[in-house]
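So the structure is just underneath, and the comments pick up after that.
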Amino acid sequence: MAEQAAPAREWHLAARPQGWPTPADFALVEAPVRRPGPGEILVRNTALSVDPYMRGRMNDVKSYVPPFRLGEAMDGGAVGYVVASEAEGFAPGDAVLHGLGWREYATLDARAAVKVDPEAAPLSAYLGVLGMPGLTAYAGLLAVGALKEGDKVFVSGAAGAVGSLVGQIARLKGASLVVGSAGSPEKVARLVDEYGFDAAFNYKDGPVAEQLAEAAPEGIDLYFDNVGGDHLEAAIGALGVHGRAVLCGAIAQYNDTGAPAAPRNLALAIGKRLRLEGVLVSDHAALRPEFTAEVAGWLRSGELRYEETVVDGVENTVEAFLDLLRGANTGKMVVRLDG
Ligand SMILES: NC(=O)c1ccc[n+]([C@@H]2O[C@H](COP(=O)([O-])OP(=O)(O)OC[C@H]3O[C@@H](n4cnc5c(N)ncnc54)[C@H](OP(=O)(O)O)[C@@H]3O)[C@@H](O)[C@H]2O)c1
Numbered sequence: 000m001a002e003q004a005a006p007a008r009e010w011h012l013a014a015r016p017q018g019w020p021t022p023a024d025f026a027l028v029e030a031p032v033r034r035p036g037p038g039e040i041l042v043r044n045t046a047l048s049v050d051p052y053m054r055g056r057m058n059d060v061k062s063y064v065p066p067f068r069l070g071e072a073m074d075g076g077a078v079g080y081v082v083a084s085e086a087e088g089f090a091p092g093d094a095v096l097h098g099l100g101w102r103e104y105a106t107l108d109a110r111a112a113v114k115v116d117p118e119a120a121p122l123s124a125y126l127g128v129l130g131m132p133g134l135t136a137y138a139g140l141l142a143v144g145a146l147k148e149g150d151k152v153f154v155s156g157a158a159g160a161v162g163s164l165v166g167q168i169a170r171l172k173g174a175s176l177v178v179g180s181a182g183s184p185e186k187v188a189r190l191v192d193e194y195g196f197d198a199a200f201n202y203k204d205g206p207v208a209e210q211l212a213e214a215a216p217e218g219i220d221l222y223f224d225n226v227g228g229d230h231l232e233a234a235i236g237a238l239g240v241h242g243r244a245v246l247c248g249a250i251a252q253y254n255d256t257g258a259p260a261a262p263r264n265l266a267l268a269i270g271k272r273l274r275l276e277g278v279l280v281s282d283h284a285a286l287r288p289e290f291t292a293e294v295a296g297w298l299r300s301g302e303l304r305y306e307e308t309v310v311d312g313v314e315n316t317v318e319a320f321l322d323l324l325r326g327a328n329t330g331k332m333v334v335r336l337d338g
């Protein structure tokens, strides 16, 4: 038999969004669940990841990740439990992390799945603090940004999955000042009160450059950019000579249809001898063992905190994704399928 008895639900991209995506760009489809063939496993997903990079995959443009195809199941990070296995080393009940999200059940080559330990952390943590966003923060700050003790650090998107870890890791590694920006007073308060940032501001309250100058009057040495635009422009202004900017994301521009207005002061990078360097998490797989050991240690000791914003039900995945773009999340946005 090639199929399970009951069909399961999966999300398809129905149309390529122009500007902000709308629910009409997506379709929740019932499809047969394929039984695993040789070397494959069948996984019941328990949590799905929605991530900002997925917005880029909805456009028909060449990028470092191929675009979603119209009328086909979308994909992305997911965790779940093996329910049937035709692959050596995988048995029903094993917890796995894999790349066939946006659906309830996934049949995949077992080589594309990684076993994870559900005792060490809740499974969804492997989509966040112990997964792709965590490694992005760790590699971006330490390998690309070359954080040094005493650095004054600014991170945008600071209450999100990547940003909240960047600020805390900077502090744990000896930064002398950690400043974050986020989009609500609640997030700003949490950054200072719970995550140990020295200062934080709401970028909606006024010009970023002015608020940054107030929070870091002596300037900054390292900027971790999740936002782009006016945030990057402000950081270029605040960086000292030989300052570094880690270009991780530009979420302020993901739904733009025109060219960005900022940064207008890029030429300052010459006189200041700035280094602006992109980070791509997929380049840093070699850091994973060190990342996992160090971050898991900080979680155990309570030195590192992480948060999740949980949306229930596969039928709410698109809303969760749109809410992520709107900033409704603190920490990692995940969709829970087993609650
Ligand atoms: N290069 C890589 O390998 C890599 C890997 C992972 C992620 N990233 C990038 O890292 C960034 C953060 O990703 P994440 O997964 O941690 O997402 P996230 O920060 O958890 O969620 C996105 C956040 O972006 C903020 N945002 C939305 N529109 C904004 C705007 N116009 N201006 C400022 N902030 C805005 C919202 O928070 P507010 O309430 O604060 O607005 C929202 O919560 C994204 O740019 C993503 O593309 C890059």
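Numbering that gives the first Met the number 0 puts the first residue of the sequence shown at 0, with every later residue one more than the last.
All residues carry an ideal CB built from backbone N, CA and C; glycine is no exception.
- Between Ser180 and Ala208, the C-beta spacing is not below 8 angstroms.
- The Cβ atoms of Ala157 and Gly166 lie closer than 8 angstroms to each other.
- Looking only at Ala112, Arg102, Asp311, Leu336, the smallest Cα-Cα distance to Ala90 is reached by Ala112.
- For Gly277, the three-state secondary structure derived from DSSP is strand.
- By the Cβ test, the stretch 228–235 is in contact with the stretch 260–276, since at least three Cβ pairs between them sit closer than 8 angstroms.
- By the Cβ-count criterion, Asn254 is exposed, with fewer than 16 other Cβ atoms from all chains shown falling within 10 Å of its own Cβ.
- Contact between Leu96 and Arg15 does not hold, since their C-beta atoms are separated by about 28 angstroms, which reaches or exceeds 8 angstroms.
- CA-CA distance, Leu126 to Val334, rounds to 11 angstroms.
- Counting along the chain, His241 sits inside no alpha helix (DSSP H); it lies in the beta strand (DSSP E) bounded by residues 238–246.
- Taken atom to atom, the span from the alpha-carbon of Gly173 to that of Pro35 is near 49 angstroms.
- Here Gln17 is exposed: its Cβ has fewer than 16 other Cβ atoms, across all protein chains shown, within 10 Å.
- Rounded to the nearest angstrom, the gap between the Cα atoms of Met73 and Gly100 is 7 angstroms.
- Distance from the C-beta of Tyr194 to the nearest heavy atom of ligand 1 is not below 7 angstroms.
- Excluding sequence positions up to five before and after Phe196, its CB lies within less than 6 angstroms of the CB of Gly166, Val177, Gly179, Leu190, all in the same chain and listed in chain order.
- Here Glu103 is near Leu336, since their CB atoms are less than 8 angstroms apart.
- DSSP places Ser163 in no beta strand (DSSP E) but in the uninterrupted alpha helix (DSSP H) bounded by 160–171.
- For Gly218 against Gly205, the beta-carbon gap comes to about 19 angstroms, at or over 8 angstroms, which does not count as contact.
- Closest in C-alpha terms to Gly139, from the list Leu286, Gly227, Gly312, Asn328, comes Leu286.
- 8 angstroms or more divides the Cβ of Glu293 from the Cβ of Thr329.
- For Val294, the Cβ stays outside the 7 angstroms cut-off from all heavy atoms of ligand 1.
- Within its own chain, the residues whose Cβ lies closer than 7 angstroms to the Cβ of Cys247, once the five positions on either side in sequence are excluded, are Thr135, Gly139, Val161, Phe223, Asp224, Asn225, Val278, listed in chain order.
- Leaving aside the five residues that flank Val187 on each side, the residues in its chain whose CB is nearer than 7 angstroms to its CB run, in chain order, Ala181, Ala199, Phe200, Asn201.
- Taking the Cβ atoms as the reference, Ala7 lies roughly 23 angstroms from Ala23, outside the contact range of under 8 angstroms.
- Within 10 angstroms of the beta-carbon of Asn264 lie fewer than 16 other beta-carbons, which makes it exposed.
- For Tyr125, the three-state secondary structure derived from DSSP is helix.
- Judged by the Cβ position, Thr135 qualifies as a neighbour of ligand 1 at the 7 angstroms threshold, a heavy atom of the ligand being closer than this.
- Under DSSP, Trp10 forms a beta bridge with Leu27.
- Ligand 1 never approaches Pro65 closely enough for any of its heavy atoms to be under 7 angstroms from the residue's Cβ.
- Looking from the CA of Ser281, the closest CA among Glu85, Gly130, Ser48 belongs to Gly130.
- At a cut-off of 7 angstroms, the beta-carbon of Ser62 does not count as near ligand 1: no heavy atom of the ligand is closer than that.
- For Glu148, there is no enclosing alpha helix (DSSP H), as DSSP marks it with neither H nor E.
- In this structure Val49 touches Ala319 by the C-beta definition: roughly 5 angstroms separates them, less than 8 angstroms.
- Comparing alpha carbon positions, the residue from Ala266, Leu221, Gly257, Pro259 closest to Val245 is Leu221.
- Contact between Leu298 and Val128 is confirmed by a C-beta separation of about 7 angstroms, below the 8 angstroms threshold.
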